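Everything on this sheet refers to the single structure shown next.
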Amino acid sequence: MRQPLIIGNWKMNMSIADSVDFIKDLNETNNSVAQVGLAPQYPCLNDMVKTKGEILVGAQNVNDHLSGAYTGEVSVELLAELKVDFCIIGHSERRMYYNETDSAINTKAKLLLENKIMPVICVGESEEEYDNGKTSEVITRQIKESCADLDIKKCAIAYEPVWAIGTGKSATSEIAQSVCAQIRAILATMYDSNTADAVRIMYGGSVKETNIAEYMAQEDVDGALVGGASLKIDSFTSLINYK
Ligand code: PGA
Numbered sequence: 004m005r006q007p008l009i010i011g012n013w014k015m016n017m018s019i020a021d022s023v024d025f026i027k028d029l030n031e032t033n034n035s036v037a038q039v040g041l042a043p044q045y046p047c048l049n050d051m052v053k054t055k056g057e058i059l060v061g062a063q064n065v066n067d068h069l070s071g072a073y074t075g076e077v078s079v080e081l082l083a084e085l086k087v088d089f090c091i092i093g094h095s096e097r098r099m100y101y102n103e104t105d106s107a108i109n110t111k112a113k114l115l116l117e118n119k120i121m122p123v124i125c126v127g128e129s130e131e132e133y134d135n136g137k138t139s140e141v142i143t144r145q146i147k148e149s150c151a152d153l154d155i156k157k158c159a160i161a162y163e164p165v166w167a168i169g170t171g172k173s174a175t176s177e178i179a180q181s182v183c184a185q186i187r188a189i190l191a192t193m194y195d196s197n198t199a200d201a202v203r204i205m206y207g208g209s210v211k212e213t214n215i216a217e218y219m220a221q222e223d224v225d226g227a228l229v230g231g232a233s234l235k236i237d238s239f240t241s242l243i244n245y246k
């Protein structure tokens with residue numbers, strides 16, 4: 004049985020004070036069957052970890068080197084020292100604006116696992132790739148490269164079609180199910196089917212309180228990575244407490 008996982012990705016939003024109030028409030032309103040997590044900006048992590056209660060707290064990125072001359076970057080060892088639970092890697096915004104590659108994502112996943120932090124590995128095709136029928140090809144390449152040689156059961160994967168992120172144009176639950184099932188099938192070829200069955204695969208892209216239940220009802224969709232709808236306590240509470 005895979006426990007559902009719903010993570011709010013706050014991106015470059017929320018103050019330190021507001022993030023602490025939010026996580027305290029969420030502990031009161033959380034009645035979810037899912038494991039619930041929040042990924043704030045780095046400077047919020049310390050205070051949020053201290054007040055996290057049953058909510059998981061994670062970072063939105065980590066550097067792929069252990070330490071050294073990488074001005075402006077944050078190391079995995081610092082995240083471990085802060086005791087974060089998970090770290091998002093390979094988000095499409097990082098792939099697009101910071102040229103993050105599948106090989107760097109794979110290195111980051113290994114470093115995170117060595118430091119007992121759950122990697123949340125994001126994959127997804129662009130609008131152009133979707134329109135040209137390339138989804139399957141893109142997802143296969145991204146999964147094969149970013150998820151190679153990992154203790155994959157300890158990772159979560161998020162399928163996020165780029166055309167659905169922040170656009171309000173969410174993928175249908177059929178598309179989400181079909182691609183998440185495909186990801187599981189690829190993992191079965193890379194590992195084995197028991198291992199693939201144990202991995203949590205989430206959908207992300209314009210998930211809201213009004214459509215979360217549809218996604219969660221799909222056999223191979225084990226959760227959601229939520230951007231915009233995770234920024235307000237009321238909408239995120241309704242979303243995580245989906246019925
Ligand atoms: P969105 O973002 O929910 O605002 O579409 C999702 C994400 O980028 O993880």
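Position one of the sequence shown corresponds to residue 4 (the working numbering), numbered consecutively onward.
All residues carry an ideal CB built from backbone N, CA and C; glycine is no exception.
Note that the coordinates shown come from a computational prediction; the quantities given were computed from them, not determined experimentally.
Counterpart residues of residue i in DSSP-defined beta bridges
| i | result |
| --- | --- |
| Phe89 | Gly61, Met121 |
| Val229 | Gly11 |
| Arg203 | Ala159 |
| Leu41 | Gly11, Val60 |
Any non-hydrogen atom of the ligand GTP within 7 Å of residue i CB
| i | result |
| --- | --- |
| Ile204 | Annotation note on the ligand GTP: not contained in the displayed structure, which lists the ligand PGA as its ligands. |
Closest residue to residue i among the options (Cα-Cα distance)
| i | options | result |
| --- | --- | --- |
| Met51 | Leu29, Ala179, Ser209, Ser70 | Leu29 |
| Glu117 | Ala151, Lys157, Ile142 | Lys157 |
| Thr170 | Ser241, Lys246, Ala232 | Ala232 |
| Pro46 | Ser241, Trp166, Ala62 | Ala62 |
| Ile185 | Ile236, Glu212, Gly127 | Sequence inspection shows Gln at residue 185; the Ile mentioned does not correspond to that position. Selected option, being the one with the closest Cα: Gly127. |
| Ile108 | Ala188, Gly208, Ala151 | Ala151 |
| Lys211 | Ile160, Tyr194, Cys90, Phe239 | Phe239 |
| Thr104 | Glu177, Ile19, Cys125, Lys53 | Cys125 |
| Asp21 | Asn244, Ile236, Ser241 | Ile236 |
| Met167 | Gly136, Thr143, Glu130 | Per the sequence shown, the amino acid found at residue 167 is Ala instead of Met. For the residues Gly136, Thr143, Glu130, the minimum Cα distance to Ala167 belongs to Glu130. |
| Ser149 | Lys86, Lys111, Ile19 | Lys111 |
| Ile204 | Asn214, Thr213, Ser241, Ile142 | Ile142 |
| Arg5 | Asn244, Asp223, Tyr73 | Asp223 |
| Met99 | Leu85, Ile178, Val123, Pro164 | Pro164 |
| Ala174 | Asn197, Ala188, Leu242, Tyr206 | Tyr206 |
| Pro122 | Thr213, Asp67, Ile178 | Asp67 |
| Thr54 | Lys27, Ile215, Ala179 | Lys27 |
| Asn244 | Asn197, Val36, Glu31 | Val36 |
| Glu177 | Ile92, Asn214, Pro43, Lys137 | Asn214 |
| Asp13 | Ala42, Ser106, Ala188 | Here residue 13 turns out to be Trp, not Asp, going by the sequence shown. That would be Ala42, whose Cα lies nearest to the Cα of Trp13. |
| Gln251 | Gly11, Thr32, Glu31 | Outside the shown range of the chain (4 to 246) lies residue 251, about which nothing can therefore be said. |
| Tyr133 | Leu242, Ala179, Pro7, Gln38 | Ala179 |
Residue i versus residue j - alpha carbon distance
| i | j | result |
| --- | --- | --- |
| Ser95 | Leu114 | 20 Å |
| Ala192 | Lys147 | The sequence shown places Thr at residue 192, rather than the Ala named in the question. Their Cα atoms are separated by approximately 10 Å. |
| Ile154 | Val23 | For clarity, residue 154 is Asp in the given sequence; the question names Ile instead. So the alpha carbons of these two residues sit roughly 32 Å apart. |
| Lys263 | Lys172 | The first residue shown for the chain is 4 and the last is 246, placing residue 263 beyond what the model contains. |
| Ala83 | Met15 | 21 Å |
| Val77 | Val65 | 6 Å |
| Leu59 | Ser139 | 31 Å |
| Ile9 | Gly40 | 6 Å |
| Ser70 | Leu48 | 20 Å |
| Lys246 | Ala161 | 21 Å |
| Gln221 | Arg97 | 28 Å |
| Ala199 | Leu190 | 5 Å |
| Tyr218 | Asp88 | 24 Å |
| Asn34 | Gly226 | 15 Å |
| Glu57 | Asn135 | 43 Å |
| Ala201 | Tyr101 | 31 Å |
| Ser18 | Tyr194 | 41 Å |
| Tyr73 | Glu80 | 14 Å |
| Phe25 | Ala216 | 23 Å |
| Ser196 | Gly75 | 40 Å |
| Gly208 | Cys183 | 13 Å |
| Leu234 | Ile91 | 17 Å |
| Arg144 | Ser181 | 17 Å |
| Arg1 | Leu228 | Past the boundaries of the shown model lies residue 1; the chain is included only from 4 to 246, so the question cannot be answered. |
| Glu31 | Lys86 | 22 Å |
| Ser241 | Ser106 | 37 Å |
| Pro7 | Lys137 | 28 Å |
8 Å Cβ cutoff, residue i in contact with chain D
| i | result |
| --- | --- |
| Thr170 | This model lacks chain D altogether; it includes just one protein chain. |
### Task
Quick one: which unbroken alpha helix (DSSP H) runs of 4-plus residues sit fully inside the segment 113-178? Chain order, please.
130-134, 138-149
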